[in-house]
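K.L.:
In the working numbering, the protein residues as written are 209 to 349.
#1: Note down, in chain order, each residue of its chain lying with its Cβ closer than 7 Å to the Cβ of residue 303, except the 5 sequence neighbours on either side.
#2: Just mark residue 322 as buried or exposed, buried being the case when its beta carbon has 16 or more other beta carbons within 10 Å.
#3: Taking Cβ positions, are residue 218 and residue 326 nearer each other than 8 Å?
#4: In three-state terms, what does DSSP make of residue 324?
#5: Provide the residue span of the alpha helix (DSSP H) that contains residue 213, from first to last.
#6: Which class does residue 339 belong to by DSSP, given the choice of helix, strand or coil?
#7: Could you check the C-alpha separation between residue 296 and residue 257 for me, to the nearest Å?
#8: Rounded to whole angstroms, how far is the Cβ of residue 284 from the Cβ of residue 318, which I believe are closer than 8 Å?
#9: Using CA coordinates, which residue listed in 210, 282, 227, 310 is at the minimum distance from residue 243?
#10: Over the uninterrupted beta strand (DSSP E) stretch that includes residue 270, give me the two end residues.
#11: When you compare each of 235, 306, 293, 294 to residue 276 by their alpha carbons, which one comes out closest?
#12: Going by CA-CA distance only, name the one from 225, 299, 234, 215 that's closest to residue 334.
#13: Grouping DSSP H, G and I as helix and E and B as strand, with all else coil, what is residue 308?
#14: Could you check the C-alpha separation between residue 228 and residue 342 for me, to the nearest Å?
#15: Leaving out five residues before and five after residue 233 in sequence, what residues of the same chain have Cβ atoms less than 7 Å from its Cβ?
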């Protein structure tokens, strides 16, 4: 493969790595922003209608809460239930919501920032490898 083709592939990989890093940083900033500036309220956990009790897969429950202006909002929970925190029907959780868009919520204690951090780390690795590939391709005669 000639140097120009390697440079194009490395550039595409670098762009993908940068895009992954930016997606992770954006996700982290959104969570931190809602935690910092959002309104903290209790929410009621409700199971989606039509769910059978013998289903093995756990669908995401609904969260129902009242905003500062007394609107009742019901959204799909942004996190999946776990064995440690099953989020059963009728449970109560604390959440932070964005007053400008009450559908943007962060459930207290269940931020799960691993995905955002994985995007940042993976993007950084791809970006670094593509830069190394560019340098190596540039030094090969």
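Every residue gets a Cβ at the ideal spot worked out from N, C-alpha and C, and that includes glycine.
P.N.:
Walking through what the data contain:
#1: Taken in chain order, the residues that qualify are 249, 251, 271, 273, 313, 314, 315, 316.
#2: Label assigned to residue 322: exposed.
#3: Contact: no.
#4: DSSP places residue 324 in helix when its eight states are reduced to three.
#5: Looking at the DSSP string, the run of the alpha helix (DSSP H) that includes residue 213 is 211-245.
#6: The answer is helix: DSSP assigns residue 339 an H, G or I state.
#7: Their backbone Cα atoms lie some 14 Å apart in a straight line.
#8: Not a contact, Cβ separation roughly 14 Å.
#9: Ranking 210, 282, 227, 310 by Cα distance to residue 243 puts 310 first.
#10: Looking at the DSSP string, the run of the beta strand (DSSP E) that includes residue 270 is 270-274.
#11: Among 235, 306, 293, 294, the Cα nearest to that of residue 276 belongs to 306.
#12: Here the closest residue by C-alpha is 225.
#13: Coil, per DSSP.
#14: A direct Cα-Cα distance of roughly 19 Å separates residue 228 from residue 342.
#15: Excluding residues within five positions, the ones whose Cβ falls inside 7 Å are 328.
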